[in-house]
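One structure is given below, encoded as C-alpha cells.
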Amino acid sequence: MISYVTNSNLNKFYNKRKDWCRKGDFGKLIVVGGSLDYSGSPILNSLAAYKSGCDLVRIYSPESSANAIKSYSPDLIAFPLKGDYLSKEHINYILSEQDKFDAIVIGGGIFRNNQTISAMKDLINKIRLPAVLDADALYSLNSKLNKNFILTPHAMEFYKITGIKVENDLNSRIEEVKKAAKKYNCIILLKGKIDVISNGNETVINKTGSNYMTKAGMGDTLAGICGALLARKINSFDAACCAAYINGKAGEYASKEFGESIVASDIINNIYRVINGVKK
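So for the sequence shown, our numbering puts the first residue at 4; every next one is plus one.
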C-alpha cells in the first residue's frame with residue numbers, strides 16, 4: 004500500500020532546540036553549481052537550505068558565477084573555482100573539503116558540455132557524503148550509485164536517465180520510479196503534480212504543491228531543502244519525502260498570494276510557514 008507524506012513526517016525532525024547549541028549542530032552543506040551561463044541555481048539551493056534550518060552552506064562555483072553569487076546576498080558564501088565552468092581540476096579540492104561538511108548538492112546551473120560532464124562523473128564517483136543530484140548532474144550518472152544519494156528528476160530528466168517516458172498516470176509512475184531506484188541503488192524523487200519518492204523497496208507519494216509551480220528554479224529550491232535535511236543527518240529517504248512536502252506546501256502558500264506571478268524565491272520566502280507549522 005502506498006503511503007502519503009504529511010505534516011506529521013516533519014514532526015520528528017523539527018523538534019524544539021536545546022538551549023545550548025552551536026553553529027554546525029544543524030548541518031553544514033556543500034553546494035556545487037553555477038557556470039558562466041547560470042548563477043541563480045546555487046543561490047536558490049543555498050537560500051532554500053538556510054530557510055530549512057541548515058546552519059552553514061558553502062558554494063563551490065566557477066569564478067564568473069561565484070562573484071555574482073557573493074554580490075547577491077551577505078548570507079551566501081561562495082568559493083570561486085578558476086575558470087568559467089566546472090572541470091576535473093576542481094574535483095580534488097572539493098573532495099578534500101568534504102570532511103568539514105555533512106552533505107552535498109550537485110548540479111544546479113553547471114551547464115552540460117564534455118568538460119563539465121566528465122568533472123561531475125568524477126565527483127559523483129568519489130564523493131562520500133550523502134548527496135542530492137539535480138539538474139545537470141543527472142546527465143552524469145553511472146549504473147550504480149551510493150544508496151545515500153537522492154536524485155530529483157522531472158519527467159524529461161527521468162527519461163534521459165532511464166529511457167522511460169513516464170505518463171501522467173500515477174500507478175505507472177510509481178512502478179517506473181521504484182524500478183529505477185532499485186536499479187541505481189538510490190532514492191529517486193520524481194517531481195510532478197504528485198511527487199513519487201522511492202528507494203526501490205518503499206515508495207511514498209507527496210500531494211502538496213500547486214499547478215502554478217511550473218516556473219524555473221523550483222527544482223533548485225527542492226534540491227536545497229533536500230540538502231539541508233541530509234545535512235541534519237536525516238536518512239536519505241525521509242529527507243526526500245520531507246523535502247517534497249516542504250517545497251510543495253511552501254508553493255501552495257506562495258501560489259495563493261501570487262498565482263501566475265509566483266517565482267522560485269517566493270517558495271523560499273514561505274518555507275518558514277511550513278516548518279513553523281510543525282508541532283514542537
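Using N, Cα and C, we set each Cβ at its ideal position, and we do this for glycine too.
Ala-246 has its alpha-carbon roughly 20 Å from the corresponding atom of Arg-20.
Taking 3 residues as the shortest admissible run, the region 35-67 contains the following complete beta strand (DSSP E) segments, listed from N- to C-terminal end: 59-65. In chain order, Leu-32, Ala-52, Ala-106, Val-108, Val-135 place their CB closer than 6 Å to the CB of Gly-230, counting only its own chain and leaving out the 5 sequence neighbours on each side.
Here the alpha carbon of Asn-209 sits roughly 26 Å from the alpha carbon of Asp-58.
According to DSSP, residue pairing for Asn-209 in a beta bridge involves Asp-198. The DSSP-derived three-state label of Ala-134 is strand. Counted as a single uninterrupted DSSP element, the stretch harbouring Val-108 is not any alpha helix (DSSP H) but the beta strand (DSSP E) occupying residues 106-109.
According to the DSSP secondary-structure assignment, Phe-152 is paired through a beta bridge with Ala-134. Comparing C-alpha distances from Ser-90 to each of Phe-29, Val-35, Val-60 shows the shortest one belongs to Val-35. In this chain, the beta strand (DSSP E) harbouring Ala-81 covers 80-84.
For Leu-144, no alpha helix (DSSP H) segment is defined, and its DSSP state is neither H nor E. Taking a C-beta distance under 8 Å as the contact criterion, Asp-139 and Phe-114 qualify as a contact pair. Distance between Lys-196 and Gly-37, taken at the CA atoms: about 27 Å.
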